[in-house]
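What follows is one structure encoded as structure tokens, with my remarks underneath.
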Amino acid sequence: MNQWEVVIGIETHAQLATVSKIFSGASIAFGAEPNTQACAVDLALPGVLPVLNRKAVECAIRFGLAIGAQVAPKSIFARKNYFYPDLPKGYQISQFELPVVQGGAITVQVGSGDKAYEKTVNLTRAHLEEDAGKSLHEDFQGKSGIDLNRAGTPLLEIVTEPDMRSSDEAVAYARALHALVRWIGICDGNMQEGSFRCDANVSVRRPGAPFGTRREIKNLNSFRFLKEAIDFEVQWQINEIEEGRTIQQATVLFDPDTGETRMMRSKEDAHDYRYFPDPDLLPLVISADWVERVRGELPELPAQKRQRFVEQLGLSAYDATTLTASQEIADFYESTVAVAGQLAAKPCANWVMVDLAARLNKDGLDIAQSPVSPQQLGGLVLRIVDNTISNNIAKKVFEALWSGDGATADEIIEKQGLKQITDSGAIESLVDEVLAANAANVAEYRAGKEKAFNALVGQVMKAAKGKANPQQVNELLKKKLAG
Amino acid sequence: MIAKTLKQLSQALAAKEVSSVELSTLFLERIERLNPEINAFVTVDREKTLKMAAEADARIAAGTAGPLTGVPIAQKDIFCAEGWTTTCGSKMLANFVSPYDATVIDKMHRQAGLVSLGKTNMDEFAMGSSNETSYFGPVKNPWDFTRVPGGSSGGSAAAVAARLAPAATGTDTGGSIRQPAALCNLTGLKPTYGVISRYGMIAFASSLDQAGPMAVSAEDCALLLNTMVGFDERDSTSLDRPVENYARLLDQPSAEQPLAGLRIGLPKEFFGEGCDASVMAAVQEAIAEYRRLGASTVEVSLPNSHLSVPAYYVIAPAEASSNLSRFDGVRYGYRAPDYGNLDDMYMKTRAQGFGAEVKRRILIGAYVLSHGYYDAYYLQAQRIRRLIANDFVEAFKSCDVILGPTSPSTAFRLGEKAADPVQMYLSDIYTIAVNLAGLPGMSLPCGFADGLPVGMQLIGNYFDEARLLDVAHRYQLATDWHQRRPVGLD
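As they're listed, the protein sequences go chains A and B.
Residue numbers for the first sequence follow the numbering used here, beginning at 1 and rising by one.
Residue numbers for the second sequence follow the numbering used here, beginning at 484 and rising by one.
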């Protein structure tokens, strides 16, 4: 299978986090009764006109700045003409020849652990457009209903170059983009409600050959579907070619139930959208001042934060990338470090990335829902680094914090008597007891069996109910056994 | 009373010589009597009109009236008016009752206190130059019932010419105010693009459409224009500029040569072939009158004006084909009674709901925007449009206003050009370039040929409406063509 190279480009529709629609004053809140959030403009009554929502433009500028793109000083809204019942005007206002955001790139981490690598995905463009309404095919005695609440909702369509070479890269990009749009506050990222949906353009080729013919998989609204759909499509295309058929350009849909893609329309059926500049809207002019004002309002971006984590906190590149995968993770981590101190940056990173992540995963929670707050976790790490408790005890304390058995690590350590024994006299007497009671192990160790030493450590820790400082136990045991 | 100007009616109302209810009733009675023959109005609603008139009378009594409060006018049926059937001359919207007011309607009625006598007939979706494409039947020219009133604002023109209303609104995409004004002996003004909000005015070609007043005189047009203009945040192409009083120059005392110093440009392209000799004779006589008023004339050139009709018939249909897509039978308006699937519903609804001229322009528009044709037609037409606008910029370097005929002929016979679209399109040959350039233009009466009115066109530089109106007004102080009315209608 190695003789095929996969080529993927992704188009994402991110619903912008504005209060009102892109060309009208109607609300875009999700879940209202059908057609209660559609004003005269959204209904495309005769005579109505669009007026551009400034907030939507600011979202586009934020995005352009966040990916290092060119924010076009002048861009054009165009009409994309086609008939559909949920498209009230008979055209969608979008951008065609001159989009508001041009170029840019997002660097993502693909894979994890040792196999992780960085990948830079270049963006072609991002443009503003309006969403359509929704057709409702049930509950109308065989007729279809139309809900125009969503019509006119502002979208940013974000288009990549065909830079991805596997479904893993595609998913890594989509996740990074998802995190970024939420990070800069332009999209709530709610994939169930359709606020963030991806189309994947997939083709295969022999390495070094020109691009193959692509097929576009529409409307993938989860990362899992994105991966499954691409994997299926790639295999399907390879089979087709290997069986001597050629790929026809087409738009396909992914069926999550069967895990298969199926053709929606071929290139021959493609609409001629008859794009032309919308004469109801002036060119969108964005001044350098406006761009600078928006730049000043941007939060620290993931890439900047990542660099700071490496330079100031001494984290590895991998840790820094993982901890900046989303604003929530980064915030959680930084709040933890704020309590535990900068010197504890690395143990804080481990706790957030490993222990907390595993525990959240087990309960199916995301970090915003963590029962353990960053302040609690920071308090816990503090007690590890000041040797009040060992890492093993810390796990117990963490579990207690998770179940709400105490408000702080200190309270739990106190209440449950988990404080580490560091009094060398106390440890020495425990060591003496163990050596006396385990003559067989002592003999084995002295005969050269290193394993016996670990057994003795275990015995001491057991006698200390896990609370003895492991380092001191080690040192004392070695000294006694040597003596 | 029916012969009075807006200014005189306004004074009579203020002096309580007549109430708005009385005045409105007078015109409603004329409409009732004469409209069955002329067909200028498609919707009259006595109750609504008299309610507005009573409200205006209350404002007058309370001392909160504006200059035109209580004066009745007619509205072209292209403006959405809350609670009024708004048809745009089409079967597609024959039963569409607007739930909202166009900005023009809001400004004129709710703010200025004018009273609406009803909605006037028009070419379907403003596409036509004779008012014959209306779903509600042709309008007859009050000067000769066998002739057209011009279009697309033919109903408004006929209504004012027959004094079924003292004044009316029109809209002008390629000449739709000026040409019917010329053919019905009215004064009509198309302002600079962006001066009057297009919100609520059913779009034909968005980059060309502009509303304006149609009345007996330039002075009436100025007064009406004052109530229509202003920046509107609901129209992105509306211009945010200081409000001006368009009648401000008109009250200045008239000297013997009131237009001394004025340079009138005469484009040589407007005085060549293609214009009826009788029309040209009247225009030449008007030029002579202007010289007597002190103006000088200078020949100018608009070298690309011969390209204006072809460019227009690419750009306007392109925009129209998209603007009219919303009439799909899904949400409002006409829907075919019997259909199979969705596509069938679309096709039957639009096949039955639109008339032939509208369908012709939708087809042309869809064609010129199609993949593979866009560059050759649409983009090329846009380039020509810029050239035409530049021609005017050049011309205005040597003159203050441009003068020529409004229409190459007087009112033609009903049915005469209906079968030949190109002949029909050529009746706007002098007016279209003004829309392509976005300039203000007006038509005013300048004589008669075989008993039919002749109009001349004045074209001004951007935002020069006040001067344009003054130049027309000085002519109207010296002539009485605009005061002549068709006989037998009193």
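For each residue, glycine too, the CB sits at the ideal point set by N, CA and C.
One finds 44, 88, 89, 90 in chain A with Cβ atoms closer than 7 Å to the Cβ of residue 809/B, taken in chain order.
Pairing residue 644/B with residue 666/B, the inter-Cα distance amounts to about 10 Å. Against chain B, the beta carbon of residue 81/A has neighbours under 7 Å at 805, 808, listed in chain order.
Secondary structure at residue 650/B: strand, using DSSP grouped into helix, strand and coil. In the DSSP assignment, residue 7/A falls within the beta strand (DSSP E) that extends over 5-15. Judged by pairs of C-beta atoms under 8 Å, the segment 571-583 of chain B touches the segment 35-45 of chain A, as three or more such pairs exist.
Judged by beta-carbon spacing, residue 283/A lies within the 8 Å limit of residue 76/A, meaning their Cβ atoms are closer than that value.
Under DSSP, the beta-bridge partners assigned to residue 218/A are 253/A. Taking CB atoms only, residue 592/B has no neighbour in chain A less than 8 Å away. For residue 398/A, the uninterrupted alpha helix (DSSP H) segment begins and ends at 391-403.
Distance from the Cα of residue 168/A is smallest, within the candidate group 342/A, 460/A, 367/A, 9/A, for 9/A. Between the alpha carbons of residue 914/B and residue 904/B lies a distance of about 17 Å.
In this structure residue 552/B touches residue 596/B by the C-beta definition: roughly 3 Å separates them, less than 8 Å.
Within the segment 701-718 of chain B, those residues whose Cβ lies closer than 7 Å to any Cβ of chain A are, in chain order, 716, 717, 718.
With respect to chain B, the C-beta atom of residue 50/A has a partner C-beta closer than 8 Å. In the structure shown, the three-state DSSP call for residue 168/A is helix.
Chain B places a beta carbon closer than 8 Å to that of residue 272/A, counting this residue as a contact. DSSP places residue 160/A in the uninterrupted beta strand (DSSP E) bounded by 154-160. DSSP places residue 135/A in the uninterrupted beta strand (DSSP E) bounded by 134-136. Under DSSP, residue 627/B takes part in a beta bridge, and its partners are 624/B. Counting the other Cβ atoms within 10 Å of the Cβ of residue 628/B gives fewer than 16, which makes it exposed.
Contact between residue 72/A and residue 99/A holds, with the beta-carbon distance rounding to 7 Å and staying under 8 Å.
In the three-state reduction of the DSSP assignment, residue 295/A falls in the helix class. Counting along the chain, residue 603/B sits inside the beta strand (DSSP E) bounded by residues 598-603. A Cβ-Cβ separation of about 44 Å leaves residue 89/A out of contact with residue 968/B under the 8 Å criterion. Against chain A, the CB of residue 610/B has no partner CB under 8 Å away; the residue lies outside that interface. Around the beta carbon of residue 880/B, a 10 Å sphere encloses fewer than 16 other beta carbons of the protein chains shown; the residue is thus reported as exposed. Residue 802/B reaches chain A at 279, counting residues in chain order whose Cβ is nearer than 7 Å. Listed along chain A is no residue with a C-beta nearer than 9 Å to that of residue 552/B; the closest approach is about 25 Å.
Residue 342/A counts as exposed, since fewer than 16 other beta carbons sit within 10 angstroms of its beta carbon. A direct Cα-Cα distance of roughly 24 Å separates residue 763/B from residue 944/B.
Residue range 693-698 is occupied by the beta strand (DSSP E) that includes residue 693/B, with no alpha helix (DSSP H) assigned at that position.
For residue 78/A, the enclosing beta strand (DSSP E) starts and ends at 77-81. Per the DSSP secondary-structure output, residue 570/B pairs with nothing in a beta bridge.
For residue 127/A, the enclosing beta strand (DSSP E) stretches over residues 117-130.
When 8 Å is used as the limit between beta carbons, residue 85/A is near these residues of chain B: 811, 813, 825, in chain order.
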